[in-house]
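Taking it in order: structure first as structure tokens, then the write-up.
Residue numbers (the working numbering): 135 to 284.
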């Protein structure tokens, strides 16, 4: 794909979706196992959203569920259906975190589900639509708590 990742079709994006961000998470964290679906070899579009959006990792220290996402120069695109589905996981008895990798900054932000919802609600985050029609929140990198290296 010669165009920027975010401009690709869903099929083009699907081939690389999450790879760099998940590798960055795995290199920077301990005590984790894969938990959610990672490009399964069958269609999942008719499965319940809570199953489709199972968090990517189960981490033992700290104990939490982790949804890993990546972003580049453009804002983070968080699907409305994803934030809705992850609400169930946030109420499952384990903390749910977003771990966001910026390929531009070569840095990460880690925040709880509640912190992400607060950003969306308090910062008047705009909505956008992917070419295939799915709506997303467009979250500026300036709103995220980037790691300061300490």
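Even for Gly, the Cβ is constructed at its ideal location relative to N, Cα and C.
In this model, residue 243 and residue 229 are separated by some 16 Å (Cα to Cα). Sixteen is the threshold: when 16 or more other Cβ atoms of the shown chains lie within 10 Å of the Cβ of residue 271, as they do, the residue is buried.
Its chain contains 241 and 243 as the residues whose beta carbon lies nearer than 6 Å to that of residue 280, once the 5 sequence neighbours on both sides are disregarded; these appear in chain order.
For residue 241, there is no enclosing alpha helix (DSSP H); the residue is part of the beta strand (DSSP E) that begins and ends at 241-246. The alpha carbon of residue 176 has as its nearest neighbour, out of 186, 259 and 169, the alpha carbon of 186.
In this structure residue 194 is exposed. Its beta-carbon is surrounded by fewer than 16 other beta-carbon atoms within 10 angstroms. Contact between residue 201 and residue 232 holds, with the beta-carbon distance rounding to 5 Å and staying under 8 Å. Collapsing the DSSP output to three states places residue 207 in coil. Within its own chain, the residues whose Cβ lies closer than 6 Å to the Cβ of residue 191, once the five positions on either side in sequence are excluded, are 166, 169 and 200, listed in chain order.
Its chain contains 169, 170, 171 and 223 as the residues whose beta carbon lies nearer than 8 Å to that of residue 188, once the 5 sequence neighbours on both sides are disregarded; these appear in chain order.
A residue is called buried once 16 or more other Cβ atoms fall within 10 Å of its Cβ, and residue 196, having fewer, is exposed. For residue 183, the uninterrupted alpha helix (DSSP H) segment begins and ends at 183-186.
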